[in-house]
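Going by the working numbering, 416 is the number at position 207 of the sequence shown; the sequence numbering is gapless.
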Amino acid sequence: MSKILITGATGNLGKATIERLLQMLSPNYIVGFGRQENRNKDLADKIEMKYGDFDDVASVDRAMEGIEKVLLISTVDHHRYQQHRNVIDAAKRAGANHISYTSVAIKDVQASLVNSHLESHIQTEDYIKGSGLSYNIFRNSLYTDVIPIYVGQHVFEQGIYLPAGSGRVAFALRSEMGEGIANALMQKGNENRICHLTGRELYSFSDIARVLSEISGKTIPFVDADPNTFPDKLKNLGVPERMIAIISGFTGDIRNKQYEIQSNDLEQLLGRRPSTLEQALKLIYH
């Protein structure tokens with residue numbers, strides 16, 4: 210049986226993937242790699258954990274010892290393409306034969322309002338394809354889990370105010386994406402495949418407001434904010450510049466229908482339908 214290394218193991222997607230792998234595989238075959246020893250400490254009681262940083266090539270090389278499969282969960286650092294290359298190169302040096310990567314499901318990265326943040330996904334995909342390793346690329350839709358960040362902590366009192374227009378997203382739960390990825394890691398015969406991990410249905414923020422209204426018994430309005438003045442409003446609220454750029458950019462991409470991508474890949478990997486928006490939001494706001 211192949212030893213599998215999960216990077217980003219102390220993060221939410223990494224942990225979800227590991228939890229599913231533990232249902233199918235002896236913990237002796239699972240190795241986690243993370244930055245923070247004090248995060249998700251319970252993982253160290255279940256599997257072998259190694260700690261380091263993608264910028265520290267020696268720590269990545271140590272994590273790769275005896276590894277045959279690697280799941281590279283993308284980082285959020287501004288220089289992540291180089292970090293990803295460090296992992297891919299280390300996998301080759303260690304004699305690994307397969308790498309999987311978590312990318313993004315978007316129609317046109319070049320036209321994205323957060324192009325500078327997303328183009329590294331495409332660069333990483335291309336580097337993997339040219340590495341000589343077999344691969345799976347998981348292009349993930351936006352997580353349902355991040356909806357609370359977009360709508361704010363006072364959504365049930367103030368409603369939703371975003372410049373997202375009528376754009377829709379096939380949101381999916383991070384836990385189900387992790388489960389699907391783990392299932393794919395255990396499968397044979399699906400190498401060199403690109404999977405789009407999305408929900409089954411497309412939802413707008415008007416739909417989110419409707420579902421939150423049904424859940425809460427309150428009327429939650431959605432106000433389509435002016436994209437031109439929205440960043441200034443966030444700035445006046447004390448939101449950091451980098452976060453303003455990210456929120457404005459992603460909601461602008463939603464408005465421009467960049468995330469209107471539907472696929473049944475996640476359903477096939479799960480062996481069941483992914484959670485609906487209502488099911489997921491009930492779980493998040495339980």
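Glycine included, each C-beta is placed from N, C-alpha and C at the ideal position.
In this text, all values refer to a predicted model and were calculated from it rather than measured experimentally.
1) Measuring alpha carbon to alpha carbon, tell me which residue in 387, 246, 439, 264 is nearest residue 348.
2) Rounded to a whole number of angstroms, what is the C-alpha to C-alpha distance between residue 392 and residue 477?
3) Within the region 313-381, note down every full beta strand (DSSP E) run reaching 3 residues or more, in order along the chain.
4) Mapping the DSSP letters down to three states, classify residue 216 as helix, strand or coil.
5) Among 384, 458, 370, 494, whose alpha-carbon lies nearest the alpha-carbon of residue 228?
6) In its own chain, which residues sit with a C-beta less than 6 Å from the C-beta of residue 395, not counting the 5 before and 5 after it?
7) Roughly how far, in whole angstroms, is the beta-carbon of residue 368 from the beta-carbon of residue 432, given that I think they are within contact range, below 8 Å?
8) Taking the alpha helix (DSSP H) that residue 423 falls in, what are its first and last residues?
9) DSSP three-state call for residue 244: helix, strand or coil?
10) Okay, do the region 415-433 and the region 279-286 touch, 3+ Cβ pairs below 8 Å being the bar?
11) For residue 448, does the three-state DSSP call read helix, strand or coil?
12) If you count every other CB in all the chains shown that lies within 10 Å of the CB of residue 462, and 16 or more means buried, which is it?
13) What runs of the beta strand (DSSP E), each 3 residues or longer, lie entirely inside the region 226-281?
14) Using beta-carbon positions only, say whether residue 264 and residue 295 come within less than 9 Å of one another.
15) In the DSSP assignment, find the beta strand (DSSP E) that holds residue 403 and state where it starts and stops.
16) State whether the region 334-345 contacts the region 301-316, with contact taken as three or more CB pairs (one from each stretch) at a distance under 8 Å.
17) Quick check: does the Cβ of residue 399 come within less than 8 Å of any heavy atom belonging to the ligand COA?
18) Out of curiosity, what's the CA-to-CA distance linking residue 301 and residue 452?
19) Would the region 316-330 count as touching the region 463-476 if we require 3 or more Cβ pairs under 8 Å?
Judging by the given coordinates:
1) Position 139 of the sequence shown holds residue 348. With distances taken between Cα atoms, residue 348 lies closest to 387.
2) By one-based count along the sequence shown, residue 392 stands at place 183. By one-based count along the sequence shown, residue 477 stands at place 268. Approximately 10 Å, taken between the alpha carbons.
3) 343-349, 369-371
4) If you number the sequence shown from 1, residue 216 lands on position 7. DSSP places residue 216 in strand when its eight states are reduced to three.
5) Locating residue 228 in the sequence shown gives position 19, counting from the first residue. For the residues 384, 458, 370, 494, the minimum Cα distance to residue 228 belongs to 384.
6) Your numbering for residue 395 matches position 186 in the sequence shown. So the list reads 233, once near-sequence residues are dropped.
7) Taking the first residue of the sequence shown as 1, we reach residue 368 at position 159. Taking the first residue of the sequence shown as 1, we reach residue 432 at position 223. Contact holds; Cβ gap of about 6 Å.
8) Here the question's residue 423 lines up with position 214 in the sequence shown. Run containing residue 423: 414-425, per the alpha helix (DSSP H) assignment.
9) For the purposes of this step, residue 244 is taken as residue 35 along the sequence shown, with counting starting at 1. It is coil, neither helix nor strand.
10) no
11) Numbered from 1 along the sequence shown, position 239 holds the residue referred to as residue 448. In this structure, residue 448 counts as coil in the three-state DSSP scheme.
12) As a working mapping, residue 462 is identified with position 253 in the sequence shown. Under this definition residue 462 is a buried residue.
13) 239-243, 257-260, 278-281
14) Translated into positions along the sequence shown, residue 264 becomes position 55. Translated into positions along the sequence shown, residue 295 becomes position 86. Yes, the Cβ-Cβ distance between residue 264 and residue 295 is below 9 Å.
15) The residue given as residue 403 occupies position 194 in the sequence shown. From DSSP, the beta strand (DSSP E) with residue 403 extends over 402-406.
16) Taking 8 Å as the limit for Cβ pairs, the verdict is that the region 301-316 does touch the region 334-345.
17) With respect to small molecules bound, the structure shown includes none, and the ligand COA cannot be examined in it.
18) By one-based count along the sequence shown, residue 301 stands at place 92. By one-based count along the sequence shown, residue 452 stands at place 243. Going by the C-alpha atoms only, they are around 36 Å apart.
19) yes
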